[in-house]
Amino acid sequence: MHQYNGQYELKPGLIVTINAKDSVLIATPTGQGYKTLYAEKKDFFFEKEKDVQLDFTRNDKNEVDGFIFHQSGSEIRVKKIK
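In structure tokens, the structure reads:
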């Protein structure tokens, strides 16, 4: 689970920090409270309270390099910056 830890830039000025805790991911966007994300399958997590899913992407070395943010039918590609 620690492979997902890091900072991801959703848009300029909005960084999402992700940390693994037990069997969930804790996502904390800049200036907002944390969100708990639950695994559905490898590299795919969802938030129970909202229609939000994160589909993590990997590079050719099989390292997590970002995610696709899904919400209400929209998709945003997000890069891992740290």
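Every letter in the sequence shown is one number past the one before it in full-length UniProt numbering, and letter 82, counting from 1, is 82.
Don't be surprised by glycine CBs; every beta carbon is placed ideally from N, CA and C.
Taking DSSP as the reference, what is the three-state secondary structure of residue i?
i, result
"residue 4", "helix"
"residue 73", "coil"
"residue 50", "coil"
"residue 65", "strand"
Using only CA atoms, which one of the options lies nearest to residue i?
i, options, result
"residue 18", "76, 67, 72, 11", "67"
"residue 54", "30, 42, 60", "42"
"residue 1", "32, 45, 69, 50", "45"
"residue 59", "23, 79, 27, 11", "79"
"residue 75", "32, 38, 52", "52"
"residue 48", "35, 56, 57", "35"
"residue 64", "81, 32, 11, 21", "81"
Identify every residue that forms a DSSP beta bridge with residue i.
i, result
"residue 32", "Looking at the DSSP assignment, residue 32 forms no beta bridge with any residue, so it has no partner."
"residue 9", "15, 79"
"residue 40", "Partner(s): none; residue 40 has no beta bridge."
"residue 55", "44, 68"
With burial defined as no fewer than 16 other Cβ atoms inside 10 Å of the residue's Cβ, what is the status of residue i: buried or exposed?
i, result
"residue 25", "buried"
"residue 4", "buried"
"residue 8", "buried"
Can you round the beta-carbon distance between residue i and residue j to whole angstroms, since I take them to be within the 8 Å contact cut?
i, j, result
"residue 30", "residue 14", "5 Å"
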